[in-house]
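Enquirer: One structure follows; several queries about it will come next.
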Amino acid sequence: MIIYFQKAVRDLRANLFLNTVTVITIALSVLIFSAFMLFFVNADGFLRHWIADMRIMVYLKPGVQPETVDRMKSRIENLPGVRKAEFISKSRAMDRFRDQLKRQSSLLDGLRENPLPESFEVRMDITARGWRNIEPVAREIESLNGVEEVEYGQQWVGRFIHVLNLIRVAGYALGGMFFGAAVFFVANTVRLVLYSRRDEVEIMRLVGASEGFVKDPFYIQNLIMGTLGGLLGITILYFGYRFIAANVAAELSTVSFQLIFLPFRISLGILLGSMFVGWLGCFISLRQFLKT
Amino acid sequence: MEVFEKPSAIIQMFHVSKRYSAKAALVDISLEVADNEFVFVSGPSGAGKTTLLRLLYMGETATTGQIVVDGLNLSRIARRRVPFLRRKFGIIFQDYRLIPSRSVFDNIALVVEAVGTKRQLIRKTVMSLLRTVGMEERWRALPLSLSGGEQQRVAVARAIAGDPKIIVADEPTSSLDHDSAEIILNLLKQYHQRGATVMIATHDTELIRSTGGRVILLKEGRVDAAAHLPAGTS
Ligand SMILES: Nc1ncnc2c1ncn2[C@@H]1O[C@H](COP(=O)(O)OP(=O)(O)O)[C@@H](O)[C@H]1O
Ligand SMILES: [Mg+2]
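Residue numbers (the working numbering), protein chains in the order written: chain A, 631 to 922; chain B, 161 to 394.
Here it is as structure tokens:
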């Protein structure tokens, strides 16, 4: 095994230029693919952050009975995508209002009667699905007895999710294309190397070298190149991420939202994918070349 | 009464034909080669000598007929068992076919390794093979810096590296001067004396006459029956 590895490294050096170009090609593919992944990871995070903050305000007609309130609460909470419905009494509403007004809250002292309505604060599941339900849920609630008005904002979130899904599809398509291109490139490199060493390969086969003896060095070389390409791509992405996080994101993140890098699991998956690219390209070429 | 023990055949061909798309290279060949025999395959250029040798180690497959090598029926052999068949052979070519980018040592080490020699023994084995053919001093050299005769000696060392039962040599001396040719032939004879079967394809009747041994004469892809007599007795 170690001797195979040494030989593979020697052979990699022997075709340094070609192999460098191959590694760079793999790295570029990995970079583009993982940039998409990074975008999605953060877009998802951003979305969750927003959705966690989203709520439907349900204002009740004056004089609704406490039993009715309880019934409404359980009906609302049983609607799809609803996480929680919290009843807010007139006095709690006033307290909150005071909090919001802070210093000017003394203005409220002159009120003889609390003018704020009772309400429910409805929170949705922290998933995209939860968010997609918000409109039907709001309409459902509106039709309940005793509801005066329903308020929910940020309709754009729905559109945002939609656009995100489009980009996701495009990302998969592009990722697939680059994957194919990388495999094609690796296969061609292997073919070139095989061609330049066809005498050697031919001799090895004539003297009865096993298939593995002939092929394994190629597989090992390409797994090494796949690994290097993957590491290089992810490393470049990391520095790109650091740059963006330091400069651009600082201005964007007025909310308490933090950009994150690809989680370890995804990075590892991408690395394995790029090793697979090396393996597959090699497999395709060897199968064609060593058919006879 | 004389007890005649027929030596067992290591190679048998039964009605073997080989067609290339346009023409027949071999037609209905049936022959046997005994274990530890020294045989020439002779005939004019284009007679089918190369094709016949290539069929034996599955460098080609026969169009029809059966070939049995050391008990293996080549028409039934599984693809992954082909390396196993090939290890029975040491193959020598007219144009040596050394890998030009590798040193003499590496050219042989490749084979020594391929046949599964333990790593610690590779160096010793290669050097002892080179000693056998008198090339141990040149182990570092690149093939193209050697003379034709020297390259062929290295090729012989490579051919015997896996300790094969059968040597097939296709015009091994045709590119060599007389002295070099003799060295090569002597090496092959030596290896024959160690118990191997040797088959040499050549159109050089002088070489056959001076060496002795059975001759299989091919003519336009057929075995010429007249040639089954021993050619030359010297
Ligand atoms: N790969 C091939 N494709 C087509 N024809 C071939 C091929 N190899 C050999 N032949 C033909 O088969 C015949 C026998 O060739 P060969 O075995 O090389 O003869 P020899 O070695 O006796 O000179 C020749 O007519 C040759 O042209
Ligand atoms: Mg020939």
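Glycine included, every Cβ here is placed at the ideal spot set by N, Cα and C.
Everything numeric in this text was worked out from a predicted model, so none of it was measured.
Could one say the Cβ of V837 (chain A) lies closer than 7 Å to chain B's Cβ atoms, at least one of them?
Expert: Mapped onto the first sequence, residue 837 (chain A) falls at position 207. True, the Cβ-Cβ gap to chain B drops below 7 Å.
Enquirer: Does the region 207-214 of chain B come close enough to the region 323-333 of chain B to have 3 or more Cβ pairs within less than 8 Å?
Expert: Result yes; three or more Cβ-Cβ pairs closer than 8 Å.
Enquirer: Pick from B:D266, B:V187 and B:D195: whose alpha carbon is nearest that of E830 (chain A)?
Expert: Counted from its first residue, the first sequence places residue 830 (chain A) at position 200. Residue B:D266 is the option with its Cα nearest to E830 (chain A).
Enquirer: So with CB distances below 7 Å, who are the chain B contacts of F843 (chain A)?
Expert: Mapped onto the first sequence, residue 843 (chain A) falls at position 213. Result: A274.
Enquirer: Given a cut-off of 7 Å, decide if K691 (chain A) and G776 (chain A) are closer than it, judged by their beta-carbon atoms.
Expert: In the first sequence, the residue the question calls residue 776 (chain A) occupies position 146. In the first sequence, the residue the question calls residue 691 (chain A) occupies position 61. Yes, these two residues count as a Cβ contact at 7 Å.
Enquirer: Spell out a yes or no on whether the region 230-237 of chain B and the region 332-345 of chain B are touching, meaning 3 or more CB-CB pairs, one atom from each, closer than 8 Å.
Expert: The answer is no - the region 332-345 of chain B does not touch the region 230-237 of chain B, with fewer than three Cβ pairs under 8 Å.
Enquirer: Whose Cβ in chain A lies nearer than 7 Å to the Cβ of I320 (chain B)?
Expert: One-based indexing of the second sequence puts residue 320 (chain B) at position 160. Within 7 Å Cβ-Cβ: nothing; I320 (chain B) doesn't reach chain A, min ~11 Å.
Enquirer: Name, please, each residue of chain A whose Cβ falls closer than 8 Å to the Cβ of P243 (chain B).
Expert: Against the second sequence, residue 243 (chain B) aligns to sequence position 83. The answer, in chain order, is R835, G838, A839, S840 and E841.
Enquirer: For L191 (chain B), which residues from the same chain have a beta carbon less than 7 Å from its beta carbon, with the 5 sequence-adjacent residues on both sides left out?
Expert: Residue 191 (chain B) sits at position 31 when you count from the first residue of the second sequence. Result list for L191 (chain B): M173, I376 and V383, in chain order.
Enquirer: Leaving out five residues on either side along the sequence, give the residues of the same chain with a beta carbon under 6 Å from the beta carbon of L746 (chain A).
Expert: Position 116 of the first sequence, counting from 1, holds the residue named residue 746 (chain A). Once the five neighbours on either side are set aside, the close Cβ partners of L746 (chain A) are K720, A723 and M724.
Enquirer: Does any heavy atom of ligand 1 sit closer than 6 Å to the C-beta of T210 (chain B)?
Expert: By 1-based counting over the second sequence, the position of residue 210 (chain B) is 50. At least one heavy atom of ligand 1 is nearer than 6 Å to the Cβ of T210 (chain B), so yes.
Enquirer: Tell me, to the nearest whole angstrom, how far the beta carbon of V176 (chain B) is from that of G225 (chain B); I am working on the premise that it is less than 8 Å.
Expert: Your numbering for residue 176 (chain B) matches position 16 in the second sequence. Your numbering for residue 225 (chain B) matches position 65 in the second sequence. Confirmed, Cβ separation roughly 3 Å.
Enquirer: For ligand 1, any of its heavy atoms closer than 6 Å to the Cβ of G372 (chain B)?
Expert: Along the second sequence, one-based indexing puts residue 372 (chain B) at 212. It does not: the Cβ of G372 (chain B) is nowhere closer than 6 Å to a heavy atom of ligand 1.
Enquirer: Tell me which same chain residues have a C-beta within less than 8 Å of the C-beta of V923 (chain A), skipping the five on either side of it?
Expert: For residue 923 (chain A) there is no data in the structure shown, the boundaries of chain A being 631 and 922.
Enquirer: Alpha carbon to alpha carbon, how far is G740 (chain A) from Q734 (chain A)?
Expert: Indexing the first sequence from 1 puts residue 740 (chain A) at position 110. Indexing the first sequence from 1 puts residue 734 (chain A) at position 104. Computed Cα separation, rounded: 12 Å.
Enquirer: H388 (chain B) to T371 (chain B), Cα distance in whole Å?
Expert: Walking along the second sequence from the start, residue 388 (chain B) turns up at place 228. Walking along the second sequence from the start, residue 371 (chain B) turns up at place 211. With a pLDDT of 49 at H388 (chain B), under the threshold of 50, the predicted position of this residue should be treated as unreliable, and no value is reported.
Enquirer: Would a check of beta-carbon distances place D641 (chain A) closer than 7 Å to chain B?
Expert: Counting from 1 along the first sequence, the entry for residue 641 (chain A) is found at position 11. So no, D641 (chain A) is outside the interface.
Enquirer: Once DSSP output is grouped into helix, strand and coil, what is the label at P390 (chain B)?
Expert: Taking the second sequence and counting its residues from 1, the one referred to as residue 390 (chain B) is at position 230. Interpretation of P390 (chain B) is limited by its pLDDT of 49, a score under 50 that renders its predicted location unreliable; no figure is taken from the coordinates.
Enquirer: Quick one: any contact between the region 761-773 of chain A and the region 696-712 of chain A, if contact means 3 or more CB pairs under 8 Å?
Expert: At 8 Å Cβ cutoff, the stretches touch.
Enquirer: What residues from chain A crowd round R298 (chain B), counting only those whose CB sits closer than 9 Å?
Expert: Numbered from its first residue, the second sequence carries residue 298 (chain B) at position 138. Within chain A, no residue comes near R298 (chain B); the closest Cβ sits about 19 Å away, beyond 9 Å.
Enquirer: So what's K278 (chain B) in DSSP terms, helix, strand or just coil?
Expert: Taking the first residue of the second sequence as position 1, residue 278 (chain B) is located at position 118. In the structure shown, K278 (chain B) sits in coil (DSSP, three-state: anything other than H, G, I, E or B).
Enquirer: Hey, would you say the C-beta of A222 (chain B) is under 6 Å away from at least one heavy atom of ligand 1?
Expert: In the second sequence, residue 222 (chain B) corresponds to position 62, counting from 1. Checking every heavy atom of ligand 1 against the Cβ of A222 (chain B), none is found closer than 6 Å.
Enquirer: Leaving out five residues on either side along the sequence, give the residues of the same chain with a beta carbon under 7 Å from the beta carbon of E779 (chain A).
Expert: Residue 779 (chain A) sits at position 149 when you count from the first residue of the first sequence. The residues are Y689.
Enquirer: Answer yes if the region 351-371 of chain B comes into contact with the region 302-315 of chain B, meaning at least three C-beta pairs across the two stretches below 8 Å, and no otherwise.
Expert: No, the region 302-315 of chain B is not in contact with the region 351-371 of chain B.
Enquirer: Grouping DSSP H, G and I as helix and E and B as strand, with all else coil, what is S202 (chain B)?
Expert: For the purposes of this step, residue 202 (chain B) is taken as residue 42 along the second sequence, with counting starting at 1. Correct three-state label for S202 (chain B): strand.
Enquirer: Do you know how far the Cα of R678 (chain A) is from the Cα of M684 (chain A)?
Expert: In the first sequence, the residue the question calls residue 684 (chain A) occupies position 54. In the first sequence, the residue the question calls residue 678 (chain A) occupies position 48. Distance between the alpha carbons of M684 (chain A) and R678 (chain A): 10 Å.
Enquirer: Should P390 (chain B) be labelled buried (16 or more other beta-carbon atoms within 10 Å of its own) or exposed?
Expert: What you label residue 390 (chain B) is simply residue 230 of the second sequence in a count that begins at 1. The predicted model places P390 (chain B) with a pLDDT of 49, which falls under 50 and marks its position as unreliable; any figure quoted below should be read in that light. With fewer than 16 other Cβ atoms within 10 Å, it is exposed.
Enquirer: Less than 6 Å between the CB of S205 (chain B) and some heavy atom of ligand 1, yes or no?
Expert: Numbered from its first residue, the second sequence carries residue 205 (chain B) at position 45. S205 (chain B): yes, Cβ under 6 Å from ligand 1.
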